[in-house]
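Just so you know, the sequences run in chain order A and B.
Counting from 1, position 213 in the first sequence corresponds to residue 213 in this note's numbering; the numbering is continuous, with no gaps.
Counting from 1, position 161 in the second sequence corresponds to residue 161 in this note's numbering; the numbering is continuous, with no gaps.
For reference, the structure is listed below as structure tokens.
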Amino acid sequence: MTEPLLRMSGISKRFPGVQALDDVTFEVAPGEIHALLGENGAGKSTLLKILSGAQQPDEGEIVLAGAPVTMTSPHDAQRLGVATIYQEFTLAPNMSVAENVFIGREPGAGPFVNWRKMAADTRAITDRLGLGLKPFAVVRDLSVAEQQMVEIARALSMQSRLIVMDEPTSALSAAEVEKLFRIVRDLKAQGLSIIFVTHRLEEVMEICDRYTVLRDGRFVGAGRVAETTIDGIIRLMVGRQVDALFAHREEAKAGEAALRVEGLSRRGKAQDQNATVLDNVSLEARRGEILGLAGLVGAGRTEMARAIFGADPFDSGRILVDGKPVDIRSPQDAIRHGIGLVPEDRKQQALFLSLGVRPNLSMAAHDRILTGKVFIDEAAERRMVEEYRKSLNIRMASQDQVVANLSGGNQQKVVLARWLALRPRVLIVDEPTRGIDIGAKVEVHNLLYEMARSGIAVVAISSELPEVLAISDRIVTMREGRVTGEIARKDATEERLMTMMTLGGKKAA
Amino acid sequence: MSEAKTIEAAAPVKADPIGIVARFAPLLFLVVLMAAFAVGEPRFLSPLNLFNVMRQVSVYGLLAVGMTFVILTAGIDLSIGSLLAFAGLVAAAVDKGGISNRFNVGAGQEALGYGWPLAALAAVAVGIAGGWLQGQAITRFKVPPFVVTLGGMSVFRGAALLFAGGGPISGFDPAYVWWGQGKIGPVPVPVIIFVAFAVLAHIVLRYTRYGRQVYAVGGNPEAARLSGLNVRRVISSVYVIMGFFAGLGAFVLSARLNSSEAVAGIGYELTVIASVVIGGTSLFGGVGTIFGTVIGTVLIGVLLNGLVLMDVSSYIQQIIIGVIIVLAVAFDTFAKSRKRTA
Numbered sequence: 001m002t003e004p005l006l007r008m009s010g011i012s013k014r015f016p017g018v019q020a021l022d023d024v025t026f027e028v029a030p031g032e033i034h035a036l037l038g039e040n041g042a043g044k045s046t047l048l049k050i051l052s053g054a055q056q057p058d059e060g061e062i063v064l065a066g067a068p069v070t071m072t073s074p075h076d077a078q079r080l081g082v083a084t085i086y087q088e089f090t091l092a093p094n095m096s097v098a099e100n101v102f103i104g105r106e107p108g109a110g111p112f113v114n115w116r117k118m119a120a121d122t123r124a125i126t127d128r129l130g131l132g133l134k135p136f137a138v139v140r141d142l143s144v145a146e147q148q149m150v151e152i153a154r155a156l157s158m159q160s161r162l163i164v165m166d167e168p169t170s171a172l173s174a175a176e177v178e179k180l181f182r183i184v185r186d187l188k189a190q191g192l193s194i195i196f197v198t199h200r201l202e203e204v205m206e207i208c209d210r211y212t213v214l215r216d217g218r219f220v221g222a223g224r225v226a227e228t229t230i231d232g233i234i235r236l237m238v239g240r241q242v243d244a245l246f247a248h249r250e251e252a253k254a255g256e257a258a259l260r261v262e263g264l265s266r267r268g269k270a271q272d273q274n275a276t277v278l279d280n281v282s283l284e285a286r287r288g289e290i291l292g293l294a295g296l297v298g299a300g301r302t303e304m305a306r307a308i309f310g311a312d313p314f315d316s317g318r319i320l321v322d323g324k325p326v327d328i329r330s331p332q333d334a335i336r337h338g339i340g341l342v343p344e345d346r347k348q349q350a351l352f353l354s355l356g357v358r359p360n361l362s363m364a365a366h367d368r369i370l371t372g373k374v375f376i377d378e379a380a381e382r383r384m385v386e387e388y389r390k391s392l393n394i395r396m397a398s399q400d401q402v403v404a405n406l407s408g409g410n411q412q413k414v415v416l417a418r419w420l421a422l423r424p425r426v427l428i429v430d431e432p433t434r435g436i437d438i439g440a441k442v443e444v445h446n447l448l449y450e451m452a453r454s455g456i457a458v459v460a461i462s463s464e465l466p467e468v469l470a471i472s473d474r475i476v477t478m479r480e481g482r483v484t485g486e487i488a489r490k491d492a493t494e495e496r497l498m499t500m501m502t503l504g505g506k507k508a509a
Numbered sequence: 001m002s003e004a005k006t007i008e009a010a011a012p013v014k015a016d017p018i019g020i021v022a023r024f025a026p027l028l029f030l031v032v033l034m035a036a037f038a039v040g041e042p043r044f045l046s047p048l049n050l051f052n053v054m055r056q057v058s059v060y061g062l063l064a065v066g067m068t069f070v071i072l073t074a075g076i077d078l079s080i081g082s083l084l085a086f087a088g089l090v091a092a093a094v095d096k097g098g099i100s101n102r103f104n105v106g107a108g109q110e111a112l113g114y115g116w117p118l119a120a121l122a123a124v125a126v127g128i129a130g131g132w133l134q135g136q137a138i139t140r141f142k143v144p145p146f147v148v149t150l151g152g153m154s155v156f157r158g159a160a161l162l163f164a165g166g167g168p169i170s171g172f173d174p175a176y177v178w179w180g181q182g183k184i185g186p187v188p189v190p191v192i193i194f195v196a197f198a199v200l201a202h203i204v205l206r207y208t209r210y211g212r213q214v215y216a217v218g219g220n221p222e223a224a225r226l227s228g229l230n231v232r233r234v235i236s237s238v239y240v241i242m243g244f245f246a247g248l249g250a251f252v253l254s255a256r257l258n259s260s261e262a263v264a265g266i267g268y269e270l271t272v273i274a275s276v277v278i279g280g281t282s283l284f285g286g287v288g289t290i291f292g293t294v295i296g297t298v299l300i301g302v303l304l305n306g307l308v309l310m311d312v313s314s315y316i317q318q319i320i321i322g323v324i325i326v327l328a329v330a331f332d333t334f335a336k337s338r339k340r341t342a
């Protein structure tokens, strides 16, 4: 290999409780398209943040075109010719294309902007990309694909040598992906290097020259795409020992379907017909079992859970509880029909951080502890909280301790208790063990088993494959808003799940 | 899995001296302030003066009780001074026997009036209607409370000026005036009304399901929605409650002054919001108590009274109040940021 354009070596980064990156090496050659791959949580995002100057590594060295560099801010990275295009665009929606391309670097004299030059320069860049964007079109009116082009144009205007694209195709239609690939190949022909982060392995095979795989914050392999296969890459991505702590439990006896979802569909934003959030999703969850929902980030699992729970609207399809169709338009409707949801973001969506444990726990179950329809019977409430403190082993100083001061695991138990107190028929748990330590994870798993044993249909969404494999009786995989397969736990392996999650549901397949 | 259970230790609970001070800071400040005024001006501690202070703060206090509900949901109501003026004029006109009789003065006019019960009811009805309208605008059209009530501030003031059609409406029947100027034993009636409603509001917030919902919606609206609460209904309801207290305050104020005028209540929103915030209610919602609001209200009343007794000019009084508001919020933010990093 020739002298690499970028060489990151020995990169380590630690966050409280997590070793996000551990001695990672990453090299990108000039004029190549390089895929950076890994499961959710493998460390890709952290590596990209370090490369874009948004975060600093604890250890390690970054060499760009032969010269060691330190980047302490995104501005440094841009100055050195590294541009990052995030999944969430960083455009100012109410400003024009030209203003966005040259934001902060407007051509002109003194405080005055030379609009004519800015327009001409913008046109020169969009022409180079073969785009027909008007310099003074307002960004908000553009499609997602066009907005992405504006991001690329901005990167080019900064004389970038290396463009990082984080999941660039996730919001694009097939035709738009083709167009993007053409542009990316053009950029490569002009000598730029591109780092391509994607979950779609077939795209890696189609467009990338080389790949690097991370797993659990470590470098596990790199090579030429032409010399490997999708299976080979999947093996690298998941090939870890199954954690001994995530022991399988005995087979559950599944009963009747408590929840059936038929043909649930939800379109995305009106401006963007291609963005389908949920596409004809059907599945059922049976009493006494844990249904695992596997998929990569953005596969539509959370969106489906929120639609079932009435937190987001859906366009078509129906939901049946215990065989009867139910009309769910709000979380209140869902709760009335015995459906609970433990949302994925504990602090933003579930907890009242300024309140104590007691009101947090009882919030959804006030009906159980009312006297005279209006007053909360505090004695009954304390008994209820005490009951769940014992059965869930919640560690707290008192029932009035502010919930913000509990550990993540105990916070999650408070949220689970909130729903148990409601005695649901169906409980959907979205990333139930995210951000909690391993001991608490095992406790949460045991709780889910107990809920299933007590006859609740549990639907568990998790981005950690070992967790899905350990806790589920059945596993449904999703990708791009569609169900791509169903598999019994005994037949499931990480490799098979990864294949279903990354390749399933393709129109050709 | 008993082994796993020992891995995670209970979160340690340390005595937090600054946290405790923060919680009782308004009360401490009030005591210190009263002691200082008592030393500087012996008249200050006389029962007559203290009841006088309480009578003066009663209307502010009623409004502050309502405002506590609003601010607990992370909302704000700037319209209360205007709504109070309008409701006060309506109550006055009802007591006088209708719009056409509203400027009648002198003997015999009482016979034409509808009496204080209907007048009080009218004031409260106007307040509730005004609050309801604003609550609907906030929840249905998703206009921020600041903007809606800024608009309401102008609309209700305009309505009051239109309704007054000239000068103040004065000279009510004695039964009406008793609600503002009367006493039960040594205690002024407005003080009794204020304390009674403060206790009631405390019970609602502390012991009812609705009270829980107010805190929950203010603390985390998304979590409240996902817990099955009707967030829109809770939010619109606090503006109705605020409106009720504006109407009640209007009735008491007009009775105390034996007069209603269109320019009543100007600037009340600032004093009232200041009382609530000084009492420890967070403008970000979810944190606060009626007890704190009562302390905050009395604190401002004592401060103003003491400054008057000490012959401090009203201009300087305004400056002092403003500085104290900013300091109170700064202290609150400081206490919170400490908690977050702890």
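Where a beta carbon is used, it is the ideal one built from N, C-alpha and C, also for glycine.
Per DSSP, the unbroken beta strand (DSSP E) holding ALA67 of chain A starts and ends at 67-69.
Going by C-alpha positions, GLY131 of chain B is about 54 Å away from ILE163 of chain A. Inclusion of LEU50 of chain B and TYR215 of chain B in the CB contact set at 8 Å is not warranted, their separation being larger than that value. DSSP, reduced to helix, strand and coil, places LEU5 of chain A outside both helices and strands of the structure shown, so it counts as coil. With respect to chain B, the C-beta atom of VAL374 of chain A has a partner C-beta closer than 8 Å.
For VAL329 of chain B, there are no neighbours in chain A by C-beta distance under 8 Å, as the nearest C-beta there is about 16 Å away. Below the 9 Å Cβ cutoff, chain A contributes SER354, LEU355 as neighbours of VAL287 of chain B, in chain order. For ARG260 of chain A, the enclosing beta strand (DSSP E) stretches over residues 257-267. For THR149 of chain B, the enclosing alpha helix (DSSP H) begins and ends at 145-164. Look at the stretch 29-59 of chain B: it has no residue with a C-beta under 8 Å from a C-beta of chain A. If only complete runs of 4 or more residues are kept, the stretch 289-366 of chain A shows the alpha helix (DSSP H) at 301-308, 331-336, 357-362, in order along the chain. The beta carbon of GLY81 of chain A is closer than 7 Å to those of GLN159, SER160, ARG161, LEU162 in its chain, skipping five residues each way along the sequence.
If only complete runs of 3 or more residues are kept, the stretch 419-464 of chain A shows the beta strand (DSSP E) at 426-430, 457-461, in order along the chain. For PHE196 of chain A, the uninterrupted beta strand (DSSP E) run begins and ends at 193-197, by DSSP. By the C-beta density criterion, VAL326 of chain B is exposed, having fewer than 16 other C-beta atoms within 10 angstroms. In terms of beta-carbon proximity, MET363 of chain A lines the interface with chain B, with at least one pair separated by less than 8 Å. Beta bridge pairing from DSSP links ASP166 of chain A with A:VAL197.
In the DSSP secondary-structure assignment, LEU253 of chain B is not bridged to any residue. By the 16-neighbour rule on beta-carbons within 10 angstroms, LYS390 of chain A is exposed. Within the stretch 185-210 of chain B, contact with chain A at the beta-carbon level (separation under 8 Å) is assigned to TYR207, THR208, ARG209, TYR210. Within the stretch 218-242 of chain B, the residues whose Cβ lies closer than 7 Å to some Cβ of chain A are GLY219, ASN220, GLU222, ALA223, ARG225, LEU226, SER227, GLY228, ASN230, listed in chain order. For ALA216 of chain B, the residues of chain A that pass the 8 Å Cβ criterion are PHE352, LEU355, PRO359, MET363, in the order they occur in the chain. Between ALA452 of chain A and VAL458 of chain A, the C-beta gap is smaller than 8 Å, which places the two residues in contact. Contact check for VAL124 of chain B against ILE290 of chain B fails: the beta carbons are separated by 8 Å or more. Two segments are said to touch when three or more pairs of C-beta atoms, one from each, lie closer than 8 Å; by this definition the stretch 308-321 of chain A does not touch the stretch 474-494 of chain A. Nearest C-alpha to THR72 of chain A among A:VAL238, A:LEU422, A:LYS49: A:LYS49. Taking the C-beta atoms as reference points, ALA87 of chain B is found nearer than 8 Å to ALA250 of chain B.
Sequence-distant partners of ILE234 of chain A (beyond 5 residues in either direction) whose C-beta falls short of 8 Å from its own C-beta, in its chain, are LEU201, GLU495, MET498, THR499, THR502.
Nearest C-alpha to GLY223 of chain A among A:GLY10, A:ASP430, A:THR25: A:THR25. Annotation note: the stretch 21-57 of chain A contains the following uninterrupted beta strand (DSSP E) runs of length 3 or greater, listed N- to C-terminal: 33-37. DSSP, read as helix, strand or coil, puts ILE76 of chain B in coil. Under the DSSP assignment, MET384 of chain A falls outside any beta strand (DSSP E), being part of the alpha helix (DSSP H) whose first and last residues are 378-392.
For the stretch 403-424 of chain A, residues whose beta-carbon sits nearer than 8 Å to a beta-carbon of chain B comprise ALA404, ASN405, LEU406, SER407, GLY409, ASN410, ARG418.
DSSP places LEU64 of chain A inside the beta strand (DSSP E), whose first and last residues are 59-64. Not one beta carbon of chain B lies nearer than 8 Å to the beta carbon of HIS337 of chain A.
If you draw a straight line from the Cα of TRP179 of chain B to the Cα of GLY40 of chain B, it comes to about 33 Å.
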